Structures are given as structure tokens and as C-alpha cells.
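Protein chains in written order, with this note's numbering: chain A, 1 to 348; chain B, 349 to 696. For reference, the structure is listed below as C-alpha cells.
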DNA sequence: TTGTACGCGTTATCAA
DNA sequence: TTGATAACGCGTACAA
């Protein structure tokens, strides 16, 4: 097939070893030879066989990536691509290849993720969208190679948790609403199979309990889809004593809620304030533009790679990396309530 | 490191060859041995070394994927992920690995795409977002392995062009506007480095020339970003004789145009009808919801893989695969103009 | 500074 | 049906 170091060696009348050394710029070959070898290599359009190299050095320079996308095929998961961009960028920058596995290929049904990785000799792996009820969780815990999991915490010797500081994010959102004067604040949470749902719910409960305003009846559960947000929006409208604001645990659901509210004739944001979570692109174009908690998905990808790389190089590194969330104020919360609150406060 | 067929062989007192055969379920080994080997393999948690296998069989079972994302890092490119989903799905389904290369890693600056691929012995490659001024175009033309390029046509013996039927898409859009009564229809096109821009412009020109309504002054050029759409929107507003409709060659730009129009107080869609191209998610949530030409990005990924696979298997296959576009009617075009047209027609 | 011999884990060939 | 041997392309120890 292609040209190998042997061909170059033959052409120059030297040994393959010498060529190998020259190509790798090692210092136990003459400069003279290096120059010659490089020239011929160029001439013959030589390209090293990474398979052979990896086999002999026992180093694959490869990271496996598994994406369990939340919204399969729909492309409604802009986050997936952002994670991936960060992962690619950082991996390639460090000389690592990314091999990508799809969610619902037959492969995954037959073989475990770990097995897939072992066969390819990946040095580490990154998981996205892993659910709490995944059948391979135990295996992951005992992985022989380092794994970064984005947004799901799995306790294991070789696994890290990369996420946004969800508690802080929720508090950012609720605190904003609180300062705007809201006291009855509902939550539409994601499904329980996602770890972030638990984190966000706990943070929500904690915050409102601190204020003495937690109400069980204001807790709603969707599944991160727009449709489920729409449905929960309907339920909220049926409440006898409506909340004045809703914290929605994902922008996609928030978009659904808003759709429902608008359909039912609510004036937004005057009659209902809404804060989302994620900062996905469509939120900007929604009307009203969605106020939300921003996550830096690209950076999460970068951190995921970095942790794996550190592990590979024997460094320890913190097994829990939480990035800073950011409150992005747009138009889906009624800021006039604030003045109303001040008036009330002034009176009392 | 891991356990190899040799270990299994030793344990069973047979040769490595026999084990290999048994594991591969070949018919020149006894069933008896197969059963034993499988049992021990399981027991020892054996996993084959794909590197070694690929080296010796000279078959990498790998497809390289290069994504030059239009909007780097921004995640504003929901298409990228949809392509990729289709690619992953179809490749994995056929037993192929995907190795992913990032746009702006240093790697790409140093080495050519082809070189990168050769080293990894990929059997084929897929390109997305490749620009007409890419420095490696010549090399791609002469690729020794099959390459599917999405949305860019590069003539070459081993390369295919996977795209939407852009001409048809444009005609779908313009015909819709035409039937609605529009005669002065502007275009905001993408930059000239993208092949689709040429295709869309040509189709636009062709259609309007057929109708005797092509006007040079109604042609505007953006760069696919929202910002550029916004800017072009401003220019359209400065026109003495404004068009009644705008065909925008990407939804992202369309969103920008609409933003500008709304800022300037235009009533939409009454005072300006807009049709986009792509059918990205945010368009649904825009107000007015964006009427657009839908492309099936997932399917494009699937087709790209299939073509490469066909080539690998020696089949010929059409080197130009055009998927059907779809007119998605939402709220950004004024449908009342139609009635107006009928009135006019009735009068004359 | 260069070359020889070997090994990485697997499959292919061919003889037993 | 099984096994010894060679080969894939490369890197490394060690000898020259």
C-alpha cells in the first residue's frame, strides 16, 4: 500500500531504524541523515502509519466520546454541539484524536461503553447526557481509564464530574425573581433521570425554604422537552392560586411554557415572569426574549478533556469541576414588580 | 497490559491461531473449541486489540470527519450537530468509527486534511462547511480515498457532493412569494466562499429573470451571520423603492433582518414578507415565526456516509446527491397580499 | 552514529 | 481441525 520507513531506508541504503530515529528527530542520529531522510520522505509522500505506531508504543492518543443527546436527531440540543466543539478543540490541540460514538447504534446495545473503549485502546473517555438509570453505570465506576462525565456525577476512582454550579445557578435565578418582588415562584423541573434535575430541585427547595415560601403544589416536572414545558404551563394556569413567576429548569421547556401562556392570552412578562436555564440560542429570539441562566458548554467540553489529560499524565486534579453560571437578563421577567415591592415596603 | 489471545491460548493449551479463529467464528475450527474459547475469553475479560487487527488486516474501519463550523464556538450552528448525528448513526450502524477533527486546531494548520487521514488510515472522509477558497482543495480533488463533501461541490474522481437541491429550494421560496403577489423580491445572500451562495443566487436570478423582475439593486450579500442579516436589513430600508419581500439565504440572517425591521418599526409580516433557508430551531420561536425552506441535515449526514461506504465496497453510486427541500410555511409572509393580487387581477 | 533483533497483538498461509 | 510461521509498520535495547 503506502510507503513505509522501509521504503525510505531502502532508497537511502540505510536501516529502517535509522529512518525511524531520523523521522522522530531523536538525537542519536546525525543531522546529515535527518535532512536526507526528511527530504526523501517528502519526496515519496511518506506518511507514518499511526496504527502501527500506536500498537508498538501502546499509546493510542485517542479519547472516546459518547453523546447521549437529550433530543435525539432533532438538533434541538444546541448544547451537544457546544460541548463537542470544546472537546474537539482541546483534544486536537493536545494531539489527541476524538472517536465519537452515537447514542442509539446497535453497537451500544450489544457492547458496553467500556468494552468499546478498551478495544480501541482509548486513553480516556467523555460522556454527555448520561442518565442516572443507565445500565452501565457500575462499569463506569470501575473504569480502568479516566472518564469525564458532563452533568452527571458518578462516584468512581477514575471518573470526574464536570458541570455548571447548578445550585448557584438556581439561586441566581431565584434571587433575581425574589428581588423583583416575587414570592410565589413555581418550578418546572426536568425528569429525575438527569442528575441536574435533582441538583436544581434541591437548590430551589433550599432557597424557598430559607425564605419560608416553599410550596409543594408549585413543583412541576417535565422532561426537558418543549412539549413538556407546554403541558406544565397548562397545569400552572389551572392552579387556583397562581404563582407570579416560574423558574424553568431548561430553556427548551421555558419556550414551551411561554408558548402555552401566550396561547392562553397571558400578558408577558406582566402577568407571569419566567426564568430559564441553559441559555440556548432560540431564547434570544423568543418574544419575550428569555431571561435565563447561562452555562458555558464549550468550556465544559474543554475542562472535560483537560481532566482526562491530567489523569493520563498522572496528575491528580479535582474530581469535581463546577463552572460559573451567569444570569442573563432579557425580557421575560416583569421588572416593574420591583417598584411595586418598594412601594409596599415603604408603606409597611 | 490487557489480556490477549496468547493468554487465552496458553490457558487452554492451544495455539493463538486457533483462538483467533474461534473468536472470529470461522468454520475451520471445532464448535467445541469455540465454546471453550468464548468461555475463557469472557472469564478473563478479554477484549480484542483493534489496533493490531486493523494493522494486520489493513482495514481501519474508520471514517474521518472534518467540521468547519460556520459559527465557531458559538453553538449558533445547529446544523453542524444534525449532520453529525446522521453521520454517527449511519457509520456506527455499519461498524465504522468516526474520528472527528476540529476546525481550528493547530494540527490543521500544519498538516493537510489528507495527510491527517492517511496517517490514521481512514477509509473515507466527510467534510462539512468546506469553503471554496480552502487551500487544500486541490489535494482533496486527488484524494486516494472517497470523500463526501456536504454543501460544497469539488470535482474529483473520489469525491461526492451531498446537498439539498438548492435551486429547487429557492424556487419553492420565490414561487410562494410570487403567488402571494410579490413582485419586488430582494435577496440577502451568503458570502461567496460558500458554494451554496452561488447556487442560491443563480436560482434567484433565474427565477426572477423568467418573470422579468430581476433587479440588481435588490441583491444584498451577508456572511450567514445574524449580524450581517441585521446590517443588510438596514440597507433594504434605505432603498427608495422598497421590495415587498425578502428571500434570505439562511435563517440566521433572516432572524437578523427581522430584528432590524422590527426595531425600525415595520409591521411584520404586513409591511415585509420574509422567507429564510435552513429551518433552524430558533426560527420557530421568532415573532413572526419564520417561513423557511427546510433542509434535512440529519439525512445529509446519512447520505454522506452511505456514499463513502459504497465507494469502499467498490460500488459506483451517484457522485451528486441532492435531497428534497421543503417549504415550511409559518408567519413571516403576509398572506393577505394574495387577496390583493386577486383583486388586481380581477380588475385588469 | 548506525544497524540487528525483537516485539506490539492480530490475522493469513500453508503444512500437518 | 489444528498449529507453526510469517507478516502488518513501527519503535527500542543493545550491539557494532
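Each residue gets a CB set at the ideal place from its N, CA and C atoms; glycine is no exception. Please read all numbers here as calculations on a predicted model, not as lab measurements.
Do we get a CB-CB distance below 8 Å when we pair residue 48(A) with the residues of chain B? It does; some Cβ of chain B falls within 8 Å.
Nearest-angstrom beta carbon gap, residue 65(A) and residue 126(A) [assumed within contact, 8 Å]: Sure, about 5 Å apart at Cβ, within 8 Å.
DSSP state of residue 678(B) mapped onto helix, strand, coil: Coil at residue 678(B), not helix or strand.
Run through chain A and tell me which residues come within less than 9 Å of residue 445(B), C-beta to C-beta. Neighbours of residue 445(B) on chain A, chain order: 99, 100, 101, 120.
Rounding to the nearest angstrom, what Cα-Cα distance links residue 59(A) and residue 669(B) in this structure? Rounded to the nearest angstrom, the two C-alpha atoms are 39 Å apart.
Coarse secondary structure for residue 445(B), derived from DSSP in three states: The three-state secondary structure of residue 445(B), taken from DSSP, is strand.
Report yes or no: is there a C-beta of chain B within less than 8 Å of the C-beta of residue 331(A)? Residue-level contact check: residue 331(A) does not touch chain B, since none of the beta carbons of chain B fall below 8 Å from its beta carbon.
Compute the Euclidean distance between the alpha carbons of residue 586(B) and residue 79(A), then round it to the nearest angstrom. The alpha-carbon atoms of residue 586(B) and residue 79(A) are separated by roughly 38 Å.
Nearest by alpha-carbon distance to residue 41(A): which of 18(A), 302(A), 261(A) is it? Per the C-alpha coordinates, the member of 18(A), 302(A), 261(A) positioned closest to residue 41(A) is 18(A).
Outcome for residue 649(B) when other beta-carbon atoms lying within 10 angstroms are tallied against a minimum of 16: Buried, because 16 or more other Cβ atoms sit within 10 Å of the Cβ of residue 649(B).
I need the straight-line Cα distance from residue 296(A) to residue 324(A), nearest angstrom please. Distance between the alpha carbons of residue 296(A) and residue 324(A) is about 8 Å.
Indicate whether residue 291(A) and residue 331(A) have their beta-carbon atoms separated by less than 8 Å. Yes, Cβ-Cβ distance for residue 291(A) and residue 331(A) is below 8 Å.
Alpha carbon to alpha carbon, how far is residue 200(A) from residue 173(A)? Give it in angstroms, no decimals. Note on geometry: alpha-carbon atoms of residue 173(A) and residue 200(A) lie some 11 Å from one another.
Could you tell me how far apart the beta carbons of residue 44(A) and residue 3(A) are, in whole angstroms, since I believe they sit closer than 8 Å? About 5 Å separates the two Cβ atoms, so the contact holds.
Compute the Euclidean distance between the alpha carbons of residue 349(A) and residue 184(A), then round it to the nearest angstrom. This structure cannot speak to residue 349(A), because chain A is shown only from 1 to 348.
Of all Cβ atoms in chain B, is any one closer than 8 Å to the Cβ of residue 115(A)? The Cβ of residue 115(A) sits closer than 8 Å to at least one Cβ of chain B.
Going by CA-CA distance only, name the one from 530(B), 434(B), 513(B), 436(B) that's closest to residue 556(B). Nearest of 530(B), 434(B), 513(B), 436(B) to residue 556(B), Cα basis: 530(B).
In its own chain, which residues sit with a C-beta less than 8 Å from the C-beta of residue 73(A), not counting the 5 before and 5 after it? Model confidence at residue 73(A) stands at a pLDDT of 45, short of 50, so the residue's coordinates are unreliable and nothing is read from them.
Would you mind giving the Cβ-Cβ distance between residue 364(B) and residue 354(B), rounded to the nearest angstrom? I have them listed as a contact below 8 Å. Indeed, because the Cβ distance is near 5 Å, the residues count as touching under 8 Å.
Are the beta-carbon atoms belonging to residue 472(B) and residue 497(B) less than 8 Å from one another? By the CB criterion at 8 Å, residue 472(B) and residue 497(B) fall outside the cutoff.
Return helix, strand or coil for residue 349(A), following the three-state DSSP convention. In the structure displayed, chain A extends from 1 to 348; residue 349(A) sits before or after that span and is not available.
Suppose the cutoff is 6 Å on Cβ atoms and the five residues either side in sequence are ignored; what does the same chain contact list for residue 588(B) look like? Scanning its chain for C-beta atoms nearer than 6 Å, with the 5 sequence neighbours on each side dropped, one finds no residue around residue 588(B).
Since residue 220(A) and residue 236(A) are thought to touch, with beta carbons under 8 Å apart, how far apart are those beta carbons, to the nearest angstrom? The Cβ separation is near 7 Å, so the contact holds.
May I ask you to list the residues that DSSP assigns as paired with residue 185(A)? Per DSSP, the beta-bridge partners of residue 185(A) are 245(A).
For residue 54(A), return the contacting residues in chain B, with the cut-off set at a CB-CB distance below 8 Å. Contact annotation for residue 54(A) against chain B: 399 [CB-CB distance below 8 Å, chain order].
Measure the CB-CB distance between residue 572(B) and residue 539(B) and report whether it falls below 8 Å. Cβ distance < 8 Å, so residue 572(B) and residue 539(B) count as in contact.
Does the beta-carbon distance from residue 333(A) to residue 218(A) come in below 8 Å? A distance of 8 Å or more separates the beta carbons of residue 333(A) and residue 218(A).
Inter-stretch contact (C-beta, 8 Å, three-pair minimum) for the region 281–288 of chain A and the region 627–637 of chain B: Touching, yes, given that three or more Cβ pairs across the two stretches are closer than 8 Å.
Please list, in chain order, the chain B residues whose beta carbon lies closer than 9 Å to that of residue 209(A). For residue 209(A), no chain B residue has a Cβ inside 9 Å of its Cβ, as the nearest lies near 34 Å away.
Should residue 269(A) go down as buried or exposed, given a rule of 16 or more other Cβ atoms within 10 Å for buried? Looking at its Cβ environment, which holds 16 or more other Cβ atoms inside 10 Å, residue 269(A) is buried.
Pair within 8 Å by beta-carbon distance, residue 97(A) and residue 57(A): If you check the CB distance, residue 97(A) and residue 57(A) do not come in under 8 Å.
Assuming residue 620(B) contacts residue 609(B) under a Cβ cut-off of 8 Å, what Cβ separation, rounded to an integer in Å, is found between them? Taking a contact as a CB-CB distance under 8 Å, the pair residue 620(B) and residue 609(B) counts as one, their CB atoms being some 6 Å apart.
Nearest candidate by alpha-carbon position, reference residue 513(B), set 615(B), 550(B), 528(B): Closest option to residue 513(B), Cα to Cα, is 550(B).
If the criterion is Cβ atoms closer than 8 Å, does the pair residue 214(A) and residue 129(A) meet it? Residue 214(A) places its beta carbon 8 Å or farther from that of residue 129(A).
Buried or exposed for residue 118(A), please, with buried defined as at least 16 other CB atoms from any protein chain shown within 10 angstroms of its CB. Burial check for residue 118(A): the Cβ neighbour count within 10 Å reaches 16 or more, so the residue is buried.
Closer than 7 Å between beta carbons: that is the criterion. Which residues of the region 279–301 of chain A meet it against chain B? Answer set for the region 279–301 of chain A: 281, 282, 285, 286, 287, 297, 298.
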